Each structure stands twice: as structure tokens, then as C-alpha cells.
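What follows is a single structure, written as C-alpha cells, with notes after it.
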Amino acid sequence: MKKFIIITCLVFATVMEVNAQQFKVITSVESIVPSGLGRSGIISATEDRDYKEFTSEQTDEDNGRNKSDRGDIQVKNFEETKLLNFYNIGGIRFQNIAANDALISSKINAMVAEGWELAFVTSAVESDSGKDDGQGIFITRYIFKK
-18 MKKFIIITCL VFATVMEVNA QQFKVITSVE SIVPSGLGRS GIISATEDRD
32 YKEFTSEQTD EDNGRNKSDR GDIQVKNFEE TKLLNFYNIG GIRFQNIAAN
82 DALISSKINA MVAEGWELAF VTSAVESDSG KDDGQGIFIT RYIFKK
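Counting from 1, position 101 in the sequence shown corresponds to residue 82 in this note's numbering; the numbering is continuous, with no gaps.
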């Protein structure tokens, strides 16, 4: 009877662990700065952060002062896969976009091979707004789960 209870507890613990989900965010940043002066890459953190360590509740009494410094949030260990910029001195480069697509696909395929499932994709752009604004990025977040 003791063996049955122990085995039942182990099976239950295993099932509970299997049902827990993890999420991982991979970000691609592609420069849309004219003349190819920007910087592009795929970024993947290799260390974790607990959001609770950097979260505070704001009240009238303490003005929401956080218990840790913003510098503590920085992740110093991450992977950066180089990507090509959308523009070079000659203008938009479709070959660069195709090369970036191949690298991003490779990263997604590697994540899937490691057991991750692509759950969500979201993107945004901060683009060139005219003659005096030579800045811009195209950012995409790939959210994986397992």
C-alpha cells in the first residue's frame, strides 16, 4: 500500500510539472536608417528576471518607490544574431530582407526543434518621419511557449 501511495504521488507530481507552461520572447530589430548606418539583430536573453523584484505598488504614502534600481533590470547575458539593415547607401535592399528572413526562420526552426511552440508574433515600427528624421527601427517579438 505504501508503494502505491508513493507511486501515485510521483505520477501526480510529474503530471503537474508537465502542465506548467514556460514562455520565451525572442526579438528581432531591423534598422531602417538610411545609408545602412543602423544596427540590426535577433536578441535572445540567456538569463531570467523575476518581474516581482522590479514591481512596486503605488500608494499615496510611498509614491511607488521601487525596492531595486533600474540598473538591476539589465540583462548582461544574451545572444545577438547579426542581421542586415534594410537600407544601404543605394536605398532599400531586398537581398538584405531575404537574408534576414532566412536567419529569422533558422532561429524559429531551432526553437521549435528545442520543443518550443511559436504562440504569438507582434511587431511595430518607428519609421522615418521626414527630411529631418533619419532614424527608425522595425521590431518584431516572437513569443514561444512550451
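Ideal Cβ placement from N, Cα and C applies to all residues, glycine included.
These numbers come from a predicted model, not from an experiment.
Per DSSP, residue 54 lies in no beta strand (DSSP E) segment and is marked neither H nor E. Contact between the segment 69 to 79 and the segment 9 to 29 is present: three or more C-beta pairs spanning the two stretches fall below 8 Å. Taking 7 Å as the cut-off, the Cβ atoms of residue 66 and residue 21 count as close. The three-state secondary structure of residue 38, taken from DSSP, is coil.
Residue 18 and residue 39 have their C-alpha atoms some 41 Å from each other. Put simply, the backbone Cα of residue 97 is about 43 Å away from that of residue 112. The Cβ neighbour count for residue 81, taken over all protein chains shown within 10 Å, is at least 16; the residue is labelled buried. DSSP, read as helix, strand or coil, puts residue 75 in helix. Counting along the chain, no beta strand (DSSP E) covers residue 1, and no H or E run does either. Within the model, the alpha-carbon separation for residue 105 versus residue 119 is close to 6 Å. For residue 123, the enclosing beta strand (DSSP E) has its first and last residue at 118 to 126.
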